[in-house]
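Add 34 to a position in the sequence shown, counting from 1, and you land on the number used in the numbering used here.
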Amino acid sequence: MSKKNEQESVIDYASEVSHLTQELTKRNQAYIFELDKILSLNNLSEDKRYKIKYEMMSELVAHQKSGKTAKQLYGTVSQCAKSILEGPKEDLTKPSEDWKLYLDGALLMGSFFMLISVFTSAQQLGIVTLLLNYFVAGFAVLFVTKASQNFQEDTRLRKARWKSLLKYLGMTLLSMIIWLGGMLLVTLIPEGINPVLPKNVYLVIGAITLVLKFYLKKKLNIRGGIF
C-alpha cells in the first residue's frame with residue numbers, strides 16, 4: 035500500500051468533517067450542506083462524500099481568513115456538484131492515446147492503399163494482403179506520429195534541433211522500411227488463401243474504411259495525428 039493510501043486509511047473523515055464544520059462560516063456551512071444533498075441525490079457514496087467534504091472544508095477554513103467564500107472558490111453549488119460528478123475533464127491540448135492514433139493511421143493508410151489498388155494497372159494484390167496492410171500501416175504511422183510529437187516538443191523546449199531533426203527523420207525512415215518490409219512479407223501469402231477479388235470489392239472496402247476513419251476521428255476526438 036502506498037504512503038498516500040496509508041494516510042487516507044487512518045483519517046476519520048466523518049470526525050474531521052464534524053470538527054471542520056464548526057470552523058466554517060454560516061454561509062460556507064450552508065454551501066457544503068447543499069452540495070452534499072445534491073451529491074447524495076446522485077447516489078455518490080457516503081464515504082466519497084465525506085472525503086470530498088473534508089478536502090473542501092480544509093481548504094475553506096484556510097481561505098476564510100482572507101475573506102474567501104465557497105462560491106468564490108468553487109462556483110455555484112450546482113456548478114461544483116456537476117464538476118465533481120463528471121470528474122476531471124480531458125486535456126484537449128494533449129495528443130490522444132496511442133491506440134487511437136494507431137487506429138486513425140491504420141484506417142487512413144489502409145484505405146489509401148486499398149483505393150490505389152483499384153485505379154492502378156499493376157497486378158492486383160490479394161484481399162488478405164490488403165487487409166493486413168491496415169495493421170502494418172497503423173504501426174508505421176504511429177511510430178512516425180510519436181517521433182513527430184517528440185520533435186515538436188524538443189523544438190518548443192529549444193533543445194538540440196539538429197539532433198532532434200535527425201532522430202525524427204531516422205524514425206520516419208525506419209518506420210517506412212518496416213512497413214514496406216511487412217508488405218513484402220504478406221505478399222508471400224499463398225494465393226489459395228489470399229485471392230484477388232474484383233476491383234469493385236476493393237473500392238467498397240476502401241471507401242467504407244476511409245469514411246470510418248473520419249467518423250471515428252470526430253467521434254473519439256482523436257488529436258495529434260500527422261494527418
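Positions of the beta carbon are idealized from the N, C-alpha and C atoms, including for glycine. Only a predicted model underlies this, so the values are computations on that prediction, with no experimental measurement involved.
Query	Result
C-alpha gap between Y84 and G101, whole angstroms	24 Å
Residue from S74, L200, Q113 and V235 whose Cα sits closest to the Cα of I150	V235
Same chain, Cβ closer than 7 Å to S36, neighbours up to 5 away in sequence not counted	Any reading at S36 must be qualified, since the residue scores a pLDDT of 43, below 50, and its modelled position is unreliable; no value is offered.
K60, enclosing alpha helix (DSSP H) - first and last residue	K60 to L75
Touch test, the segment 166-173 against the segment 139-146, Cβ-Cβ under 8 Å, three pairs minimum	yes
Spatially closest choice to L254 from W133, F146 and A104, by CA coordinates	W133
Backbone CA spacing between H97 and E80 [nearest angstrom]	25 Å
Neighbourhood of L119 by C-beta distance below 6 Å, restricted to the same chain and skipping five residues each side	N76
Where the alpha helix (DSSP H) containing N234 begins and where it ends	K233 to K253
Secondary structure of S151, DSSP reduced to three states	helix
Min CB distance E50 to chain D below 9 Å	No chain D appears in this structure, which consists of one protein chain only.
Closest Cα partner of A64 within the set E50, L78, L237 and M91	M91
Terminal residues of the alpha helix (DSSP H) in which V95 lies	E80 to Q98
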